[in-house]
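K.L.:
Using the working numbering, the letters of the sequence shown correspond one by one to residues -2 to 532. Once you've had a glance at the structure underneath, I'll fire off some questions.
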Amino acid sequence: MVSNTSPVGGDDVFEGLLKKETASVEQRTVAERAHSQAAQSEKRMQELLFQNSTLPVTLSSIQIHGASHTRRSFLDPLFQPLVEDSRNAGYTLAEMLEQVGSTVEKLHKFAMTQSTNTHPLVYEEIFHPNILLHLSRPSHLDPSSSPTDLDVSLRVRERSRLMLKTGTDLGNTEGSAYGSMLLRNIFGGAEHLSLNASAGTRTRSAYSAEFSTPIRSNPDLRLSIDGLASSTHKPWASHEEALKGGGIKLNWATRNGDRFQLGYSNTWRQLTGLAPGASATVRNDAGDSVKSAITYIFQRDRRDNPMLPQSGYLVKTTTEVAGWGALGGDVGFSKSEMELSGALPIPIPGVKGFSGVSIGGGLRGGLLYPLPLSYGLGGASPSRLNDRFTLGGPTDVRGFSLGGLGPRDGGDALGGDVFAAGSLNMLIPLPRAGVESPFRIQLFANGGRLVAMRNKTKSNDTASGQRMSAESVWNSMISATSKVGTGLPSIAAGVGLVYAHPVARFELNFSLPLVTRRGEEARKGLQVGVGINFL
-2 MVSNTSPVGG
8 DDVFEGLLKK
18 ETASVEQRTV
28 AERAHSQAAQ
38 SEKRMQELLF
48 QNSTLPVTLS
58 SIQIHGASHT
68 RRSFLDPLFQ
78 PLVEDSRNAG
88 YTLAEMLEQV
98 GSTVEKLHKF
108 AMTQSTNTHP
118 LVYEEIFHPN
128 ILLHLSRPSH
138 LDPSSSPTDL
148 DVSLRVRERS
158 RLMLKTGTDL
168 GNTEGSAYGS
178 MLLRNIFGGA
188 EHLSLNASAG
198 TRTRSAYSAE
208 FSTPIRSNPD
218 LRLSIDGLAS
228 STHKPWASHE
238 EALKGGGIKL
248 NWATRNGDRF
258 QLGYSNTWRQ
268 LTGLAPGASA
278 TVRNDAGDSV
288 KSAITYIFQR
298 DRRDNPMLPQ
308 SGYLVKTTTE
318 VAGWGALGGD
328 VGFSKSEMEL
338 SGALPIPIPG
348 VKGFSGVSIG
358 GGLRGGLLYP
368 LPLSYGLGGA
378 SPSRLNDRFT
388 LGGPTDVRGF
398 SLGGLGPRDG
408 GDALGGDVFA
418 AGSLNMLIPL
428 PRAGVESPFR
438 IQLFANGGRL
448 VAMRNKTKSN
458 DTASGQRMSA
468 ESVWNSMISA
478 TSKVGTGLPS
488 IAAGVGLVYA
498 HPVARFELNF
508 SLPLVTRRGE
518 EARKGLQVGV
528 GINFL
């Protein structure tokens, strides 16, 4: 007897697959329907607001829901002026929404964070970014309400008040492990306390603490107090530097996005742990010093993406004055640095819209000018090793070792008092990754020059510790500045791969030094760079 039967459970298998496929189709249909309804609802709301934009209204009340750990005295300065002025302001609906929106934007700034190394102002994220706004009419039972009254309700979600983080970093010839703790909204007024500790191959140990608070509930005006203790190995100059100190900073921003910082710091520094082969110049600067300084930072950032700029520009200036007037300390100088950078998108024939190809460039320059100490001993002391500029490495002049440019004493990089550096690069998307990918191929050429005021390796010169008259300082500075533009700078070119992570930028480059001055340390081959600020 011959029989024709299906495998056991065959129908069940096909039915199961069919049900899963049907359920998947239904889920997609429901999601598409919900998205369509939300889009239509938003469109109707926009049309309704547009049609009633000239409708006279008054703002009756503002209620904030979800801010259980945030003080009312912190929120009132943001919203109370709107309520107090609204009843006699003669608002139209459009004007009222504009003013409420401007105030809500300030609240949004407490829902975002920015890196201190990229911007001198940090917004502390105490709320989640999805802040909801709802308009409603007051209850008809309220005898004090008028027909033009509107109530505004905001719903926020507070972030966790405690954040712990540990991890490892690798880059710039250094590996390290770190741990950090962040306490948010400590007293209900967007205050934060940040505690950090790290240890690594170059930074032996580093501990820091910072307390920050907004002033008068203004997210664009913050005051911070910080302290630090660290010990860092400087392999390019055969020593370690230990730091202990603290400071206070005032940060503010303007409506056009410009950012400013004014700060004071007092730091005890020690050059110690000298290597057996340390040069005479390094040994001469070894020991203790105290720096008491005022610092001012200005930054205008109009780049579309700080980690992977495709368009826009950056202007940043830093000015530091130490040991002058009533500042005290035992080092005196004025130190100024300027950075200019920009990028332009390049259209590609046959490619519609943004091609992802861009050309960028940057210029940096700095000058350190010795000043007489506050107590005045008949002249200015020459700059110290730990105050001078260093140049060279995978995040500034690629193709050279860390501190590889500038004057040297034996195997030690001494730094310089005047420098200039520039770069030109082209970023190209990977063939199959597309323009939205954070990966780019980089073609670059960069160069720089670092000059000391005098040859600090000679015992009869400023390195011996003798003081310089004002005329001597001025003449030496003019001479050093003129040398920066004399002859070709040290130059390198190469190709690499760039990955723009939201936290940092990673580069893997192959560099070829083209021009190298005598004594400088060029580096042909692969270099890895990790940071947030590249030349």
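Think of the CB as a built atom: it goes at the ideal place given N, C-alpha and C, for glycine as much as any other residue.
For Ser191 versus Ser177, is the C-beta distance shorter than 8 Å?
P.N.:
yes
K.L.:
With a threshold of 16 other CB atoms inside 10 Å of the CB of Lys231, please say whether the residue is buried or exposed.
P.N.:
buried
K.L.:
Taking the runs of the alpha helix (DSSP H) that are 4 residues or longer, which of them lie wholly in the stretch 244 to 325?
P.N.:
277 to 282
K.L.:
Note down, in chain order, each residue of its chain lying with its Cβ closer than 6 Å to the Cβ of Ala591, except the 5 sequence neighbours on either side.
P.N.:
Because the chain here runs from -2 to 532, residue 591 falls outside it and cannot be looked at.
K.L.:
Could you spell out the range, first to last residue, of the beta strand (DSSP E) harbouring Glu336?
P.N.:
Phe330 to Pro342 is the extent of the beta strand (DSSP E) around Glu336.
K.L.:
Could you say which of Gly431, Ser202, Asp146 and Val354 lies nearest to Lys241 if we only look at CA atoms?
P.N.:
Looking at the Cα atoms, Ser202 is the closest of the given residues.
K.L.:
In its own chain, which residues sit with a C-beta less than 6 Å from the C-beta of Ser133, not counting the 5 before and 5 after it?
P.N.:
Asp148
K.L.:
Assign Gln77 to buried or exposed, taking buried as 16 or more other Cβ atoms, counted over all protein chains shown, within 10 Å of its Cβ.
P.N.:
exposed
K.L.:
Between Val318 and Leu90, what straight-line distance do the alpha-carbon atoms span, to the nearest angstrom?
P.N.:
51 Å
K.L.:
Taking the alpha-carbon positions, what's the Gly164 to Arg68 distance?
P.N.:
33 Å
K.L.:
Can you confirm whether the stretch 315 to 329 touches the stretch 339 to 354 when touching is taken to mean that 3 or more C-beta pairs between the two stretches lie within less than 8 Å?
P.N.:
Short answer: they don't touch.
K.L.:
Residue ranges of each beta strand (DSSP E) run of no fewer than 3 residues wholly in the stretch 433 to 507, ordered along the chain?
P.N.:
436 to 448 and 487 to 497
K.L.:
Taking Ser173 and Thr198 to be in contact with their CB atoms under 8 Å, please state how far apart those CB atoms are, rounded to whole angstroms.
P.N.:
7 Å
K.L.:
So Pro216 packs on Lys103, CB below 8 Å; how close in whole Å?
P.N.:
6 Å
K.L.:
Taking the alpha-carbon positions, what's the Ser308 to Tyr366 distance?
P.N.:
35 Å
K.L.:
From Glu517 to Gly444, what does the alpha carbon distance come to, in whole angstroms?
P.N.:
In this model, Glu517 and Gly444 are separated by some 13 Å (Cα to Cα).
K.L.:
With H, G and I counted as helix, E and B as strand and the rest as coil, what does DSSP make of Arg405?
P.N.:
strand
K.L.:
Taking the alpha carbon of Val448 as the point to measure from, which residue in Leu161, Leu388 and Val432 has its own alpha carbon closest?
P.N.:
Leu388
K.L.:
Which word fits Glu468, buried or exposed, when buried means at least 16 other C-beta atoms lie within 10 angstroms of its C-beta?
P.N.:
exposed
K.L.:
Excluding sequence positions up to five away, which residues of its chain have a Cβ less than 6 Å from the Cβ of Arg219?
P.N.:
Ser209, Pro211 and Asn248
K.L.:
So which of Gln258, Glu433, Val312 and Arg446 has the shortest CA-CA distance to Leu364?
P.N.:
Arg446
K.L.:
Which value, in whole angstroms, describes the spacing of the CA atoms of Leu58 and Phe71?
P.N.:
One point to set straight first is that residue 58 is Ser, not Leu, in the sequence displayed. Each residue's Cα considered, the two are about 17 Å apart.
K.L.:
Using alpha carbons as the reference points, say which of Gln524, Gln258, Asp393 and Asp282 lies closest to Leu421.
P.N.:
Asp393
K.L.:
When burial is assigned at 16 or more other CB atoms within 10 Å of the CB, is Thr278 buried or exposed?
P.N.:
buried
K.L.:
Exposed or buried, which one is Asn506 when buried takes at least 16 other CB atoms within 10 Å?
P.N.:
Result: buried.
K.L.:
Hey, Glu238 and Arg280: beta-carbon distance below 8 Å or not?
P.N.:
No, these two residues do not count as a Cβ contact at 8 Å.
K.L.:
Counting beta carbon pairs with one atom in the stretch 286 to 297 and one in the stretch 244 to 263, are three or more of them shorter than 8 Å?
P.N.:
yes
K.L.:
As a quick exercise: from Pro510, Ala234 and Ser289, pick the residue whose alpha carbon is nearest that of Gly270.
P.N.:
Ala234
K.L.:
Expressed to the nearest angstrom, what Euclidean distance is found between the alpha-carbon atoms of Ser355 and Leu399?
P.N.:
28 Å
K.L.:
Have a look at Thr315, Arg514, Val415 and Gly390 and flag the residue whose alpha-carbon is nearest the alpha-carbon of Gly528.
P.N.:
Gly390
K.L.:
Restricting to Cα atoms, I'd like to know which of His62, Ala275, Arg520 and Asp146 is closest to Asp406.
P.N.:
Ala275
K.L.:
Skipping 5 residues on each side, what residues in its chain have a beta carbon closer than 8 Å to that of Thr100?
P.N.:
Leu75, Phe76 and Leu79
K.L.:
Could you work out which residue in His236, Tyr175 and Thr26 is closest to Asp409 when comparing CA atoms only?
P.N.:
His236
K.L.:
How is the beta strand (DSSP E) around Glu517 delimited, first residue to last?
P.N.:
Premise fails: Glu517 is in no beta strand (DSSP E) and is neither H nor E.
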